[in-house]
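I have placed the structure first, in the form of C-alpha cells, so that the comments after it can refer back to it.
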Amino acid sequence: MTATQQIEVKDSAARSAQAVDDLRDVQGEKMILNMGPSHPATHGVLRLVLELDGEIITKADPEIGYLHRGDEKIAENMTYNQFIPYTDRLDYLAPLANNVAYSLAVEKLLGIHDKLPERCQYIRVICCELARISAHLLGLGAFAMDVGALTVFLHTFTEREKIYNLIEALTGARFTTTYTRIGGLSRDLPEGWTDELAKFTQEVSVAIGEADKLLTRNKIFVDRTRDVGVINREDAIDFGLTGPNLRGSNMEYDLRKAHPYLVYDQLDFDVPYGEVGDCYDRYLVRMEEMRQSVRLLDQCLAKLPGGPVNVDDGKIILPDKQKVLSSMEELIHQFMLVTQGQDAPAGEVYFGAENPKGELGFYIFSKGGGVPYRLKIRAPSFANLSILSHTLPGHMISDVVAILGSLDFVMGECDR
Amino acid sequence: MPSQPERERRLSPETRMTAKQLANTLKQQFKGIVSGPVEFRGELTLEVSDASRIAEVCQFAKAEQGFDFLVDLTTIDNYEEAPRWTAVYHIYGYEHFCHLRLKTSVSEEESELPTVSSVWRTANWHEREAYDMMGIRFAGHPDLRRILMWEGYPYFPLRKDFPLAGKPSEMPDVAFSDPAPLEGGPFVTVASGEDSTAREPRERNPEG
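Protein chains in written order, with the numbering used here: chain H, 42 to 457; chain V, 1038 to 1245.
In C-alpha cells, the structure reads:
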C-alpha cells in the first residue's frame, strides 16, 4: 500500500518570500553553547554558558564551584598550622606563595609579623618569586598553546621542571609544598641549594628570552591577542581585578610596592603595567614580571643573611626535638602546640599578598585560642573571573580561549 | 585616575589622607549609626549599627572618599548570639592606599541586607557566595543564585550548625552526598559561639 501525500507547490515569487522568512528565523535564533567544565581552554573546571548569535557571543554566564571543597569550613575546625597543607591546594600552580601569604596573615593576628628573622623573610621572598616564575611560565605556555603556539609550552615546561626539582630539594615535595610554619619555616635551605638556584636564574633568563622571541612579535599571536578582551581601568577596579590583570589595564599598582611585606622594601624591582588592557598587554605584563622576579631572586641570593629561620618563641614554633626529650619546658611547649595550637588573641585581621594571580587575602576572625572562628579566603581568581560576563559579549567564540588564557585563573582558589 | 603630580600629592606621606581621618569623616557623615573606629594590628574597623543603610554608607565611601575597590565581602555566623549574622566589607582606595573594614549585623529573622552590587560590581559574586554559604539574602541583587554549591542544594554549609561532615541531601543525578568521614576528628569542634577552648572535643567528652 502506498501513501499519497499532497505537496503544495507555490509559485516562485511566493517561494522566495517564504525563503526570506525562513532565513530571518534562522538569523534570529540564539544558540546556547556549554563550554566546559571539561575543556582544554578552561584550565580546570570552569563552565561557561554562552549564548551565541552565529559566532558572536551575546551573553556569557560563568558557572563555578566544580572544585568547591569547603576549605573555609575545614579551616574553622583545625589549628592554624594544620591548615597550611590546604593552602597548597588553593592556587596549586604556586603553592609556596600561598603558604607564605597564609602564614603572614596568621602571624599578623599573633602580632609576630615584625619579629620574623631576616633569613626567614629572605627565604620567603625567594619562595614567592620562584612560585611567581613557575605560575607565569605555565600561564604563558598554556595561553600560547590555546591560541595555537604549541612550542612555547614545551619550552616553559622544561623550565618549570627545574623549578619543581628545586622545590623538591627544598621541601621534600614537588607539588604540595607545605613549606612555611606559623612563625618560620619547616626547614632551612638545604646545602648547596643556593648554588642550584643561582644556576637556575641564569638558565630561566635564557628561556624567558626564547619565549619572548617566539611570541612577542609573532604575527599570529599578536593578531589573536591585540585589542581582544579589552578591559579598561575603571572596569578592572570595579570588578575587583588584581595582580597582572589589573596592571595590564594601565594600573601601576603592586602590593609589594604599595604595602611592602617581608623584605620587599629593601629590594629593587620595577612594576610593569600595560596601556590598553587587552590580552596582549596582560601577556606583556606577565613576561616582564618574570624578568623582575629573576632580578629579585638574584638580589635575595646576594643578600641572603645567616642566622635562624624561626622566631625564638616556644609558644609559636615547635622546639628543637633534642630539647623536647631533655627539658621539661620544651616538652610542655611541644605538647601545647601539638594539641591546642598557638594561643591567638581575640581579634580580626586581613592580610593580602601579591600572588602570581593577584591579591590573595586571608581574613581571620578569632575569638581566641588555637582555632579561627571564621577564616575567609579572598581568592584573586574568583574576582578575576567575575568580569567574564561583562567582557565576553561581543567577542567571537574563538576569542574566548584567548581571553581565558590571558586572565590566567586557577579554579582551585576560585572554588576553594 | 588623577594626574601624576596629583597622585604624588595624594600619596606623599605629608599630604595623604590616613585611614583614621577617612574613618572619622565617614563617622561624621553618618552620625549615630557608625561607631568606632576600633584599631587592631594597624587595621581600622567601623561598625554600622543600621544594617539597612550599609549600601548608603558604601556608596558614600566610594563616591566621596575614593574607596573604589571592594577587596572582599564576607559573613560571620554568630551562632547562639543575637544578632546572628555579621557582614564584613573590606574596602580599599587606590587614591590613598587606605584600607577600612565595615561591619554590620542582621538578625536571623530578617537575614536580609541591601545589596552593594550597584556600588561595586565585584560585589555581585561576593554576595552570591555569602548567600550560598550562609543563607543571607541581599535585597536588590540582580541575580541572587547559588554560586559554589549546585542549584537546589538545600543547606547553607558555612553556618555553624551545619556539621563538618556534611549532611546527606536528596539530589537526583548527584553521584553521592553522604557525610564525609571527618566527624569525630581530633579538632572537629562543636557548633557554638564560644571560643575554641570551649568548642574543643575534650570539652564535649570530659574524661572520667
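Ideal Cβ positions, reconstructed from N, Cα and C, are used throughout, including at glycine.
>> If the criterion is Cβ atoms closer than 9 Å, does the pair H:P386 and H:L401 meet it?
In response: Start at 1 with the first residue of the first sequence, and residue 386 of chain H comes out as number 345. Start at 1 with the first residue of the first sequence, and residue 401 of chain H comes out as number 360. For H:P386 and H:L401, no; Cβs fall outside 9 Å.
> Using 9 Å as the limit for Cβ to Cβ distance, is H:S79 near chain V?
Replying inline: Taking the first sequence and counting its residues from 1, one reaches residue 79 of chain H at position 38. It does not: the Cβ of H:S79 has no partner Cβ on chain V nearer than 9 Å.
> Under a Cβ-count criterion, where at least 16 other Cβ atoms within 10 Å of its own Cβ denotes burial, should H:T218 be classed as buried or exposed?
Replying inline: To locate residue 218 of chain H, count along the first sequence from 1; it is residue 177. With 16 or more other Cβ atoms inside 10 Å of its own Cβ, H:T218 counts as buried.
>> Residues of the stretch 1126 to 1157 of chain V in Cβ contact with chain H at a cutoff of 8 Å, in chain order, please.
In response: H1127, Y1131, F1134, H1136, R1138 and W1157
> Taking a cut of 7 Å between CB atoms, which residues from the stretch 81 to 115 of chain H lie near chain V?
Replying inline: I105, G106, H109, G111, E113 and K114
>> Please report the distance separating the alpha-carbon of H:V326 from that of H:R288.
In response: Position 285 of the first sequence holds residue 326 of chain H. Position 247 of the first sequence holds residue 288 of chain H. If I take the Cα positions, the gap works out to 7 Å.
> Can you tell which of H:L416, H:V269 and H:F124 has the C-alpha that lies nearest to the C-alpha of H:S290?
Replying inline: Position 249 of the first sequence, counted from the first residue, corresponds to residue 290 of chain H. Considering only alpha carbons, the answer is H:V269.
> Quick one: Cα of V:E1132 to Cα of H:P413, how far?
Replying inline: Against the second sequence, residue 1132 of chain V aligns to sequence position 95. Against the first sequence, residue 413 of chain H aligns to sequence position 372. Spanning the two alpha carbons is a distance of roughly 32 Å.
> Are the stretch 1101 to 1116 of chain V and the stretch 1196 to 1207 of chain V touching, with three or more C-beta to C-beta distances below 8 Å?
Replying inline: Yes, since at least three Cβ pairs between the stretch 1101 to 1116 of chain V and the stretch 1196 to 1207 of chain V fall closer than 8 Å, the two stretches touch.
> How many angstroms separate the CA atom of H:M452 from the CA atom of H:L366?
Replying inline: In the first sequence, residue 452 of chain H corresponds to position 411, counting from 1. In the first sequence, residue 366 of chain H corresponds to position 325, counting from 1. H:M452 and H:L366: Cα-Cα distance of roughly 44 Å.
>> To the nearest angstrom, how far is the alpha carbon of H:E454 from that of H:P397?
In response: In the first sequence, the residue the question calls residue 454 of chain H occupies position 413. In the first sequence, the residue the question calls residue 397 of chain H occupies position 356. Rounded to whole angstroms, H:E454 to H:P397 spans 12 Å at the Cα level.
> Listing by chain order, which chain V residues have their CB less than 8 Å from the CB of H:D353?
Replying inline: Translated into positions along the first sequence, residue 353 of chain H becomes position 312. Ordered by position in chain V, no residue passes the 8 Å Cβ test against H:D353, which lies about 21 Å from the chain.
>> Quick check: H:A142 and H:F406, are their CB atoms within less than 9 Å of each other?
In response: In the first sequence, the residue the question calls residue 142 of chain H occupies position 101. In the first sequence, the residue the question calls residue 406 of chain H occupies position 365. Contact: no.
>> I need the straight-line Cα distance from H:I272 to H:N286, nearest angstrom please.
In response: Position 231 of the first sequence, counted from the start, is the residue given in the question as residue 272 of chain H. Position 245 of the first sequence, counted from the start, is the residue given in the question as residue 286 of chain H. Approximately 9 Å between the Cα atoms of the pair.
> Looking only at its own chain, which residues have a Cβ that is under 8 Å from the Cβ of H:G318, when we skip the five neighbours before and after it?
Replying inline: By 1-based counting over the first sequence, the position of residue 318 of chain H is 277. Same-chain partners within the cutoff: V271, I272, N273, R274, A277, G289, S290 and N291.
> By a C-beta neighbour count over all protein chains shown, 10 Å radius and 16 as the cutoff for buried, is H:L191 buried or exposed?
Replying inline: Counted from its first residue, the first sequence places residue 191 of chain H at position 150. H:L191 should be labelled exposed.
>> Taking 7 Å as the limit between beta carbons, can you name the residues of its chain near H:Y205, skipping five residues before and five after?
In response: Translated into the one-based positions of the first sequence, residue 205 of chain H becomes position 164. For H:Y205, where only same-chain residues beyond five positions count, the Cβ hits under 7 Å are R215.
> For the stretch 412 to 437 of chain H, which residues have a CB atom closer than 7 Å to at least one CB atom of chain V, in sequence order?
Replying inline: If the cut-off is 7 Å between Cβ atoms, the stretch 412 to 437 of chain H has V412, R415, K417, R419, F423, A424 and S427 near chain V.
> What is the DSSP secondary structure of H:V166, reduced to helix, strand or coil?
Replying inline: As a working note, residue 166 of chain H is residue 125 in the first sequence. In this structure, DSSP gives H:V166 a helical state, which the three-state scheme calls helix.
>> Distance check for H:Q307 and H:L230, CA to CA, integer angstroms please.
In response: Along the first sequence, one-based indexing puts residue 230 of chain H at 189. Along the first sequence, one-based indexing puts residue 307 of chain H at 266. When rounded, the distance between both Cα atoms is 21 Å.
>> Is the separation between the beta-carbon of H:Y127 and that of H:A116 shorter than 9 Å?
In response: Residue mapping note: residue 127 of chain H aligns to position 86 of the first sequence, counting from 1. Residue mapping note: residue 116 of chain H aligns to position 75 of the first sequence, counting from 1. Cβ atoms of H:Y127 and H:A116: closer than 9 Å.
>> Please list, in chain order, the chain V residues whose beta carbon lies closer than 8 Å to that of H:A394.
In response: Taking the first sequence and counting its residues from 1, the one referred to as residue 394 of chain H is at position 353. Result: empty, since nearest Cβ-Cβ is about 12 Å, beyond 8 Å.
>> Determine whether the beta carbon atoms of H:L303 and H:L89 lie at a separation below 9 Å.
In response: The count along the first sequence starts at 1 and reaches residue 303 of chain H at position 262. The count along the first sequence starts at 1 and reaches residue 89 of chain H at position 48. Going by C-beta atoms, H:L303 is not nearer than 9 Å to H:L89.
>> Along the chain, where does the beta strand (DSSP E) containing V:V1075 start, and where does it finish?
In response: What you label residue 1075 of chain V is simply residue 38 of the second sequence in a count that begins at 1. Start and end: V1071 to F1077.
>> I'd like to know whether the C-beta atoms of H:H109 and V:L1181 end up nearer to each other than 9 Å.
In response: Position 68 of the first sequence, counting from 1, holds the residue named residue 109 of chain H. Position 144 of the second sequence, counting from 1, holds the residue named residue 1181 of chain V. No. Outside cutoff.
> Helix, strand or coil: how does DSSP classify H:M437 here?
Replying inline: What you label residue 437 of chain H is simply residue 396 of the first sequence in a count that begins at 1. If DSSP states are grouped into helix, strand and coil, H:M437 belongs with the strands.
> Helix, strand or coil for V:H1136 per DSSP?
Replying inline: The residue labelled residue 1136 of chain V in the question sits at position 99 within the second sequence. The answer is strand: DSSP assigns V:H1136 an E or B state.
>> Check whether the stretch 1120 to 1129 of chain V and the stretch 1101 to 1111 of chain V touch, using three or more Cβ-Cβ pairs below 8 Å as the test.
In response: yes
> Identify the residues that DSSP records as bridge partners of V:V1085: which are they?
Replying inline: Mapped onto the second sequence, residue 1085 of chain V falls at position 48. Beta-bridge pairing links V:V1085 to V:V1071 and V:T1141.
>> Please give me, in chain order, every unbroken run of the alpha helix (DSSP H) with length at least 4 that falls completely inside the stretch 262 to 331 of chain H.
In response: 274 to 279, 285 to 289 and 296 to 299
> Are the beta-carbon atoms belonging to V:V1143 and V:R1121 less than 9 Å from one another?
Replying inline: One-based indexing of the second sequence puts residue 1143 of chain V at position 106. One-based indexing of the second sequence puts residue 1121 of chain V at position 84. Yes. Within cutoff.
> Thinking just about the alpha-carbon of each residue, which of H:Y321, H:S246, H:F376 and H:A343 is nearest to the one in H:P309?
Replying inline: In the first sequence, the residue the question calls residue 309 of chain H occupies position 268. It should be noted that the sequence gives Asp, not Pro, for residue 309 of chain H. Looking at the Cα atoms, H:A343 is the closest of the given residues.
> Do we get a CB-CB distance below 9 Å when we pair H:A390 with the residues of chain V?
Replying inline: If you number the first sequence from 1, residue 390 of chain H lands on position 349. Contrary to the premise, residue 390 of chain H reads as Val rather than Ala in this sequence. Closer than 9 Å: yes.
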